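Below: the structure, in structure tokens.
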Amino acid sequence: MLELLAETNPRLIFSVALTVVVAAVLWWDRENVERQFILFYRRTDRGLQKIDQIASKFPRFWKAYGSLGVLTGLISIVIALGMVLFTFYFMIDTGSTEGGPAMILPGLESETEWQAGATFVPVEYWVISIAVLMFVHEMSHAIIARAEGFEINSVGWLVLGILPGAFVEPKGENMLPGSEQEESGSHTIWEGGDWKSRLKVLCAGSFANYVTAALFLGLALGMTFAAAETTEDAVIGVQLFQGDEGIEYIATEEGPAYQAGMRNGTLYSIDGFEIESIEDIEASTVDLEIGQQIVVDTSEGEFTVEVGEGEVREIRESLEPYQAPLQWFTSMLLTVATLNFLIGLFNMVPIKPLDGGLTVETLITEFWGEENVKYLNKFSLVMWALLLGTIVVVLLGF
């Protein structure tokens with residue numbers, strides 16, 4: 003039994019355990035969990051007081067945050083729609099599904115598999131990313147809603163099949179199926195308040211995802227630099243790193259490379275000696291003499307460098323035992339950043355019920371008339387049919 007467990011993919015074990023835990027939670031809390039077909043959801047008023055406290059602090063900050071979110075959201079709508087339409091055009095023009103729409107699902111491999119139809123992210127990265135994404139997205143909606151004077155009825159989580167989600171429900175409105183509409187007659191979320199406040203609330207979710215993506219990307223870059231096995235080459239005066247594209251360098255100020263015009267990039271060759279590893283650096287410089295002129299070919303171009311006095315030596319060797327966990331952690335940070343950005347951007351595609359569609363609906367109602375929302379509704383149906391239809395066709399292999 004132990005041998006079988008040892009041979010089993012640990013991500014498969016994690017996936018099974020996670021599924022069991024989610025099922026157990028749903029069963030344990032079944033009296034409070036509502037269900038519609040494969041949709042399970044749980045409303046609660048816990049946390050609403052904390053949201054009020056956060057929203058009441060620094061009102062000027064939240065006002066600026068909401069306004070910046072609207073600006074970012076409107077730009078995102080144009081970019082997101084352009085990307086979706088270009089994707090369809092590219093697929094039709096080339097007859098290929100490469101780069102087409104894809105669901106982002108948990109996978110069992112150690113690397114993310116980006117492909118049409120379904121992109122698989124290592125399951126532990128997926129769980130962490132979705133948890134962070136949902137939390138910041140819905141909290142941003144909720145805080146800006148309270149800052150703009152909207153009442154919140156409940157917050158909660160949901161599970162659609164195996165896909166998790168979260169929601170913030172405005173007072174007087176029922177966002178989820180199976181709930182009776184209240185007497186207010188509200189037929190769309192965040193209907194209360196003026197149109198400017200509604201835009202702030204709707205755009206706040208994706209804006210929070212962008213901010214989160216930037217923060218996690220910054221952390222990942224910092225970890226990448228800290229975890230890098232760095233080598234110092236005093237012969238030409240550069241710091242060397244093993245990068246994705248090869249041996250990357252940063253020219254040391256006042257060193258021979260810097261004086262020749264080099265700053266940072268990827269090394270290709272030194273005096274005709276092709277560079278693919280740190281060992282190649284040592285081999286190409288071992289017989290050079292001080293003052294000798296050599297040609298260094300880089301991603302910045304070719305440079306004539308005068309050989310300096312020194313040697314190639316490794317530094318930061320103390321980090322070597324931690325390379326594996328640091329690499330895992332850095333990859334996780336990058337995945338959280340990537341999914342926050344991509345899903346945040348997709349959420350601003352101008353189709354209902356995505357936030358981008360509801361934002362456009364608000365603008366149409368305010369400037370064109372509520373009766374013209376029907377055109378957005380038809381456009382949304384067509385776009386969903388194309389998006390989901392393309393994914394299904396690709397997955398079925400047609």
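Oh and the sequence shown: position 1 is 3 in the working numbering, straight run, nothing missing. All residues carry an ideal CB built from backbone N, CA and C; glycine is no exception. As the structure is a prediction and not an experimental result, all values here were calculated from the model.
- Under DSSP, G119 forms a beta bridge with A104.
- By the 16-neighbour rule on beta-carbons within 10 angstroms, E281 is exposed.
- The bridge partners DSSP lists for Q244 are I249.
- Using a 10 angstroms sphere on the CB of D196, the tally of other CB atoms stays under 16, which defines it as exposed.
- Here T306 is exposed. Its C-beta has fewer than 16 other C-beta atoms within 10 Å.
- Burial check for Y251: the Cβ neighbour count within 10 Å reaches 16 or more, so the residue is buried.
- Here S279 is not near D299, since their CB atoms are 7 Å or more apart.
- Between I292 and E311, the C-beta gap is smaller than 7 Å, which places the two residues in contact.
- In this structure, the beta-carbon distance from M136 to A104 does not fall below 7 Å.
- A direct Cα-Cα distance of roughly 27 Å separates H139 from F88.
- In the DSSP annotation of this structure, the continuous segment of the beta strand (DSSP E) that includes R45 starts and ends at 41-46.
- With respect to the C-alpha of A149, the residue from V157, L162, Q55, I77 having the closest C-alpha is Q55.
- The stretch 37-45 makes no contact with the stretch 112-127; the number of CB pairs closer than 8 Å stays below 3.
- Judged by their CB atoms, A147 and V213 are not nearer to each other than the 7 Å cut-off.
- Nearest in C-alpha terms to N11, of all of V170, V22, L110, is L110.
- Comparing alpha-carbon positions, the option among W370, E363, F343, V375 lying closest to I81 turns out to be F343.
- In this structure the stretch 245-264 does not lie against the stretch 383-390, because fewer than three pairs of beta carbons, one per stretch, are closer than 8 Å.
- Within the same chain, Cβ atoms closer than 7 Å to the Cβ of D31 are found at R44, the five residues on either side in sequence being excluded.
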